[in-house]
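**Q**
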Amino acid sequence: MQPKYQCLEINSFLLDKILSLAAPDGDTRFCFVPSTPFCAMVVICRALGHEYSVPNFEACALDVVRVLQTSNSYSDVPPIVSNLGWCLFFALACFILQTATGNYSYVDRLWSITPIVYAWNYLYVAWARGLDPDVRLVVVVMLVTQWGCRLTYNFYRKGGYRLSEEDYRWDFTRAIIPHPVAWHTFSFAFIAFYQHFLLFLITCPLQTVFKVWENKFKSDIFDNWCVRRLLLPLDHAQTHPLRRTYLDTAASLLFGGLLILETIADQQQWNYQQIKWTMLNKGHQLSELRPPYNLGFITTGTFAYSRHPNFFAEQGIWWSVYLFAVAANDGRHNWTFLGALLLTLLFQGSTRLTEYLTLQKYPRYAEYQQAVSMLVPLWPSSSLTQPQETNPEPKTAELKTKPNESKADTKSKEPKKEK
Numbered sequence: 001m002q003p004k005y006q007c008l009e010i011n012s013f014l015l016d017k018i019l020s021l022a023a024p025d026g027d028t029r030f031c032f033v034p035s036t037p038f039c040a041m042v043v044i045c046r047a048l049g050h051e052y053s054v055p056n057f058e059a060c061a062l063d064v065v066r067v068l069q070t071s072n073s074y075s076d077v078p079p080i081v082s083n084l085g086w087c088l089f090f091a092l093a094c095f096i097l098q099t100a101t102g103n104y105s106y107v108d109r110l111w112s113i114t115p116i117v118y119a120w121n122y123l124y125v126a127w128a129r130g131l132d133p134d135v136r137l138v139v140v141v142m143l144v145t146q147w148g149c150r151l152t153y154n155f156y157r158k159g160g161y162r163l164s165e166e167d168y169r170w171d172f173t174r175a176i177i178p179h180p181v182a183w184h185t186f187s188f189a190f191i192a193f194y195q196h197f198l199l200f201l202i203t204c205p206l207q208t209v210f211k212v213w214e215n216k217f218k219s220d221i222f223d224n225w226c227v228r229r230l231l232l233p234l235d236h237a238q239t240h241p242l243r244r245t246y247l248d249t250a251a252s253l254l255f256g257g258l259l260i261l262e263t264i265a266d267q268q269q270w271n272y273q274q275i276k277w278t279m280l281n282k283g284h285q286l287s288e289l290r291p292p293y294n295l296g297f298i299t300t301g302t303f304a305y306s307r308h309p310n311f312f313a314e315q316g317i318w319w320s321v322y323l324f325a326v327a328a329n330d331g332r333h334n335w336t337f338l339g340a341l342l343l344t345l346l347f348q349g350s351t352r353l354t355e356y357l358t359l360q361k362y363p364r365y366a367e368y369q370q371a372v373s374m375l376v377p378l379w380p381s382s383s384l385t386q387p388q389e390t391n392p393e394p395k396t397a398e399l400k401t402k403p404n405e406s407k408a409d410t411k412s413k414e415p416k417k418e419k
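Position 408 of the sequence shown, counting from 1, maps to 408 under the UniProt record's numbering, and the rest follow consecutively.
#1: Measure the alpha-carbon distance for Thr245 versus Ala126 and round it to whole angstroms.
#2: Answer with buried or exposed for Phe172, where buried requires no fewer than 16 other C-beta atoms within 10 angstroms of its C-beta.
#3: Distance check for Leu201 and Pro180, CA to CA, integer angstroms please.
#4: Nearest CA to the CA of Leu199: which residue from Arg307, Arg109 and Leu261?
#5: I'd like the list of long-range same chain contacts for Ala325, defined as Cβ closer than 7 Å, with 5 residues on each side in sequence excluded.
#6: Taking C-alpha atoms, which residue in Ile176, Asp132, Ala328 and Ser105 lies nearest to Leu353?
#7: Could I get the ranges of all uninterrupted beta strand (DSSP E) runs contained in the segment 295 to 364, with 3 residues as the minimum, in chain order?
#8: Please classify Ser164 as buried or exposed, where buried requires at least 16 neighbouring CB atoms within 10 angstroms.
#9: Excluding five sequence neighbours on each side, which residues of the same chain lie with their C-beta closer than 6 Å to the C-beta of Thr344?
#10: Roughly how many angstroms lie between the CA atoms of Val372 and Thr299, to the nearest whole one?
#11: Cβ of Leu143 within 8 Å of Cβ of Phe255?
#12: Compute the distance between the beta-carbons of Ala250 and Leu341, then report whether it is under 8 Å.
#13: Quick check: Thr302 and Leu247, are their CB atoms within less than 8 Å of each other?
#14: Hey, could you find the ends of the alpha helix (DSSP H) Pro79 is sitting in?
#15: How would you call Ala119, buried or exposed, if buried means at least 16 neighbouring beta carbons within 10 angstroms?
#16: Would Ser75 pass as a contact of Glu166 if the rule is Cβ separation under 8 Å?
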């Protein structure tokens, strides 16, 4: 008989409701919704099979050392643990670079790359262990790779990989955290480590998929480890470990649809900014541009139904990745929803910061806010009347220069997209 889950409140009166998502039947070994300082150790403890109501950090650390010492090769290490190691390496490297250069967009440059690294690590470990191919895991890895390649290209064409480029919001953040010690603490804890840890968490559903696959091919070395107890729970999934479900199909279609929406929204934003900056670079004032470019911000296409359709799609993409973990776990929720949840919460704050700064630059943005939903695409409550053009540009204007402002639209994370 499995022990009932234990609720540990940490800075959230909604914990019981969140736990009910992770353990709807109340028979999970252990459910834990950590605050930020505890996230990393809790994930390690779960990966190593600890079931303490309060994670035993000392025992967990000793287990990590034991696993590493008894591993004869890289593939012997559980992929979630090796991914966490890569996460810590990326975070430390970004902190050193941003402190040395004063440029705080190194995490942005890796935002679309590190999830691909984490995803492929699961496939590599499975291949190195001699496991037969699993369609579900291969599909998820391919989808994450497609997402990352598209997003990397989108960031590249806007100049995001130029070392002189930096997200415009970090200037604003530095202004409200002027003390050097406070700023470097923020740089270390949030910019470098929290954001990289979030990127690690959003790929953790692949651990559930990997474990269900691995259960069919257990060997003696796995029987000596506690890592098989990561899932919450595995009993039903072990009955049919590689069964395909309608949820797999739904998750694939949802991922594909949201990726298409994100691609369309990013392209529409790119086209708008290109044309706007082409006219501005010819010496025209913003008020002299032809509609809708004299507004300064896009309100057409997908942006007529959501002020940030690419942000909405980005969040949904990682919830669809979590659905693969639910499908692998025979329809049962598990702890890997934390990544998508924390990403969604991050968007709530960063999107509002983006809109605050946009409103300072374009006063008419307030009208747009009143008319159109912030994230979820909805029918607009009213149309935004375009100001009359005073010196319209011909519609055949060529695109010659690359706008500096377009970098602020999307890296689709994150909310480091729009200006």
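Where is the CB? At the ideal position from N, CA and C, for every residue including glycine. None of these values were measured; they are calculated from a predicted model.
**A** Working from what's here:
#1: Looking at the two C-alpha atoms, the distance is approximately 22 Å.
#2: By the Cβ neighbour-count rule, Phe172 is exposed, with fewer than 16 other Cβ atoms within 10 Å of its own.
#3: For Pro180 and Leu201, the distance between alpha carbons rounds to 30 Å.
#4: Check the Cα spacing between Leu199 and each of Arg307, Arg109 and Leu261: the tightest is with Arg109.
#5: Pro205, Thr208, Val209, Asn334 and Thr336, listed in sequence order.
#6: For the residues Ile176, Asp132, Ala328 and Ser105, the minimum Cα distance to Leu353 belongs to Ile176.
#7: Taken in chain order, the segment 295 to 364 contains no complete beta strand (DSSP E) segment of 3 residues or longer.
#8: By the Cβ-count criterion, Ser164 is exposed, with fewer than 16 other Cβ atoms from all chains shown falling within 10 Å of its own Cβ.
#9: Apart from sequence neighbours up to five positions away, the residues of its chain that approach Thr344 with a beta-carbon distance below 6 Å are Gln315, ordered along the chain.
#10: Cα-Cα distance, rounded: 9 Å.
#11: Their beta carbons are under 8 Å apart, which means Leu143 touches Phe255 by this criterion.
#12: It is not a contact, given that the beta carbons lie outside the stated cut-off.
#13: It is not a contact, given that the beta carbons lie outside the stated cut-off.
#14: Membership of Pro79 in the alpha helix (DSSP H) is indicated by the continuous run Pro79 to Thr101.
#15: Of the residues assessed, Ala119 falls on the buried side of the cut-off, its CB having 16 or more other CB atoms within 10 angstroms.
#16: No, these two residues do not count as a Cβ contact at 8 Å.
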